[in-house]
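Before any comments, here is the structure.
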């Protein structure tokens, strides 16, 4: 019995030792396995960190690339702007040259036209005095004045023809490019001398009436190209009136005998 009890106690101790051993072994295994798990976690962390670093580097590279692209784009835009500005300056310079050239050409053309007018005026023969008025124009005597008035009077058989021919003669002799002032003076000098004109005033208040003459009607109608408005007609009348005011009588040259007698 004692032996059985001792064996039983040894068996319990042995079982307890075995249990402790198994527990210790398990604990050691767990302890041994923990560093491995920690290592795996560290490896995983390192991998994650490495991936993050790689992503950060790639992101930085991408940003750098974007900055480079922006710089290139900016330089390209600045270059384009500079080219456009240069082209605008060139165009402006060319436009100035063209304007100067056109201005020069315009002056040359005007000179050519003026020369052409002179050539035409010299090449085209001046209209001749109509046959009925030969030796009568410009009116220099009272006798000539009476004859011209008869030719233009409505009682004359060919008065209309005479008027038309005289109007045509006067209008052709007056340069179309002249002012109304010069045109009226030229037409007046073609029809009448200033010495005869001295006998008349425009409305005849102080002298003979110039408006009542048939030659006045011819003058006004032959200058119809200059008299288009009532204002033009007013100017025409004022010019005629002014001419008549400044007409002077004929100053006959004294003979030597008269000069001696006056002394």
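In our numbering, the protein residues as written are 1060 to 1322. Here a beta-carbon is modelled for each residue, glycine too, at the ideal position from N, C-alpha and C. Only a predicted model underlies this, so the values are computations on that prediction, with no experimental measurement involved.
Report yes if the CB atom of residue i is closer than 8 Å to the CB atom of residue j, and no otherwise.
i            : j            : result
residue 1244 : residue 1281 : no
residue 1265 : residue 1198 : no
residue 1272 : residue 1205 : no
residue 1189 : residue 1232 : no
residue 1295 : residue 1255 : no
Look at the alpha carbon of residue i and the alpha carbon of residue j, and state the distance between them as a whole number of angstroms.
i            : j            : result
residue 1268 : residue 1259 : 6 Å
residue 1270 : residue 1248 : 16 Å
residue 1292 : residue 1279 : 9 Å
residue 1192 : residue 1168 : 41 Å
residue 1302 : residue 1216 : 32 Å
residue 1305 : residue 1261 : 12 Å
residue 1170 : residue 1194 : 39 Å
residue 1242 : residue 1145 : 56 Å
residue 1307 : residue 1165 : 45 Å
residue 1174 : residue 1158 : 24 Å
residue 1127 : residue 1139 : 18 Å
residue 1196 : residue 1172 : 33 Å
Mind reading off the beta-carbon distance from residue i to residue j? Whole number of angstroms is fine, and I expect it under 8 Å.
i            : j            : result
residue 1210 : residue 1201 : 15 Å between Cβ atoms; not a contact.
In terms of residues, what are the limits of the alpha helix (DSSP H) holding residue i?
i            : result
residue 1290 : 1289 to 1304
residue 1234 : From DSSP, residue 1234 is part of no alpha helix (DSSP H); its letter is neither H nor E.
residue 1217 : Segment: none, residue 1217 is in no alpha helix (DSSP H) and carries neither H nor E.
residue 1278 : 1273 to 1281
What does DSSP give as the partner residue(s) for residue i in the beta ladder?
i            : result
residue 1198 : 1251
residue 1259 : 1267
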